[in-house]
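Asks:
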Amino acid sequence: MKLLYFAWVRQKIGMPEEELAPPESVNTVSELVDFLRQRGPGYEAAFRDLKALRVAVNQHHSGFDAAVGPHDEVAFFPPVTGG
Amino acid sequence: MSEIRVQQADFDPGEEIAKLGDAGGSTGAIATFTGLVRGDGGLTAMTLDHYSGMCESEIAAHIIEAKRRWPLLAVRIVHRVGRLTPGERIVFVGVASSHRQAAFEACEFLMDYLKTRAPFWKLEERASGSNWVEARSEDDASVKRWQ
Chain A
43 MKLLYFAWVR QKIGMPEEEL APPESVNTVS ELVDFLRQRG PGYEAAFRDL KALRVAVNQH
103 HSGFDAAVGP HDEVAFFPPV TGG
Chain B
693 MSEIRVQQAD FDPGEEIAKL GDAGGSTGAI ATFTGLVRGD GGLTAMTLDH YSGMCESEIA
753 AHIIEAKRRW PLLAVRIVHR VGRLTPGERI VFVGVASSHR QAAFEACEFL MDYLKTRAPF
813 WKLEERASGS NWVEARSEDD ASVKRWQ
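Heads up: the protein sequence lines correspond to chains A and B, in order. Numbering of the first sequence is given in our numbering, commencing with residue 43 and proceeding in unit increments. Numbering of the second sequence is given in our numbering, commencing with residue 693 and proceeding in unit increments.
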């Protein structure tokens, strides 16, 4: 699974992207977040308040209940502020 | 006919307008928006982070939606990324149509969606340090009027 982090999510986690193979029990974005939170204090800080976070699965805005699989690209970021 | 560009380099609004005018003889109106880095509150620079690929596909999806709603002849959107200083151009949205109402409305529609859906993030730099800009609820309210 390819994971991407943007803006302060990237800064808290300390990298822009990574390839991971989450356990088979991870089938949704929420389950992925629970798995990532255990990976260290940076992840814990990034995923502390999910209301402040948005997610995209395969480059489409998604919800935390969206399904994810081993070949998906999942991105975490704060609400967008372009324009 | 539409063009989407996400780039570090500056752009020339005049050149974009000229290209919008090339859409054909039935073009009667071109409406554009150019956004600049505002230097208020002691802002010294702004760095734009973006999700390459998704930026372009989100903007493309909203151009398709705009063309479904209004009879547009051409759309050009340019969004800059990287570090910019006050006064520099950030974004350009330009649309060509036969009549002004469609051009004005589609330009606003595209700008409202760009601000609330396209994956760009602004980091503001001041003498006191750097801060990520927080999303504004006014922008969410602006986009609701199109729903």
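C-beta: ideal position from N, C-alpha, C; glycine also. Keep in mind that this is a model prediction, so the values were computed, not measured.
Does any C-beta atom of chain B lie closer than 7 Å to the C-beta of G84 (chain A)?
Replies: no
Asks: State the start and end residues of the unbroken alpha helix (DSSP H) segment that holds Q793 (chain B).
Replies: Note, Q793 (chain B): alpha helix (DSSP H), 792-809.
Asks: Going along chain A, which residues have a C-beta under 7 Å from V825 (chain B)?
Replies: T123
Asks: Would DSSP call H102 (chain A) helix, strand or coil?
Replies: strand
Asks: Please report the residue range of the beta strand (DSSP E) in which K54 (chain A) lies.
Replies: No beta strand (DSSP E) contains K54 (chain A), which is instead part of the alpha helix (DSSP H) from 49-55.
Asks: Using a threshold of 6 Å, is the CB atom of A108 (chain A) nearer than that to any non-hydrogen atom of the ligand ADP?
Replies: What this structure holds is no ligand at all, so the ligand ADP is not there to describe.
Asks: Spatial neighbours of G105 (chain A) within its chain, please: C-beta separation below 8 Å, excluding the five flanking residues on both sides.
Replies: V71, V97
Asks: Near M738 (chain B), which residues of its chain fall below 6 Å by C-beta distance, leaving aside the five closest residues on each side in sequence?
Replies: V729, L776, K814, E816
Asks: Just mark A701 (chain B) as buried or exposed, buried being the case when its beta carbon has 16 or more other beta carbons within 10 Å.
Replies: exposed
Asks: Assess, as a yes-or-no matter, whether the stretch 76-95 of chain A is touched by the stretch 47-65 of chain A under the definition of 3 or more beta carbon pairs within less than 8 Å.
Replies: Result yes; three or more Cβ-Cβ pairs closer than 8 Å.
Asks: In chain C, what lies closer than 8 Å to G774 (chain B) by C-beta?
Replies: The structure shown contains no chain C; its protein chains are A and B.
Asks: Take the Cβ of E750 (chain B) as the centre, count every other Cβ of all protein chains shown within 10 Å, and call the residue buried at 16 or more, exposed below.
Replies: buried
Asks: Leaving aside the five residues before and after G716 (chain B) along the sequence, list all residues of the same chain whose C-beta is less than 8 Å from its C-beta, in chain order.
Replies: Within the same chain, G716 (chain B) has close Cβ partners L765.
Asks: Output yes or no for whether 7 Å exceeds the beta carbon distance between I756 (chain B) and I696 (chain B).
Replies: Going by C-beta atoms, I756 (chain B) is not nearer than 7 Å to I696 (chain B).
Asks: Per the DSSP calculation, W813 (chain B) is bridged to which residue(s)?
Replies: B:D741
Asks: Taking all protein chains shown into account, do 16 or more other C-beta atoms lie within 10 angstroms of the C-beta of D91 (chain A), making it buried, or fewer, making it exposed?
Replies: exposed
Asks: Sort out for me which residues DSSP pairs T70 (chain A) with in a bridge.
Replies: A:A109
Asks: Starting from the beta carbon of K807 (chain B), find every residue of chain A whose beta carbon is closer than 7 Å, and list them in chain order.
Replies: G124, G125
Asks: I'd like the span of the beta strand (DSSP E) that includes V825 (chain B), first residue to last.
Replies: Segment: none, V825 (chain B) is in no beta strand (DSSP E) and carries neither H nor E.
Asks: Quick check on this structure: which residue in B:M746, B:F784, B:G734 has the alpha carbon closest to the alpha carbon of E800 (chain B)?
Replies: B:F784
Asks: Please compile the residues from chain A whose C-beta is within a distance smaller than 8 Å of the C-beta of M803 (chain B).
Replies: G125, listed in chain order.
Asks: Going by DSSP in three states, G717 (chain B) sits in which element: helix, strand or coil?
Replies: coil
Asks: Tell me which residue opens and which closes the alpha helix (DSSP H) that L841 (chain B) is part of.
Replies: What the structure shows of chain B is the stretch from 693 to 839, and residue 841 (chain B) is not part of that stretch, so it cannot be assessed.
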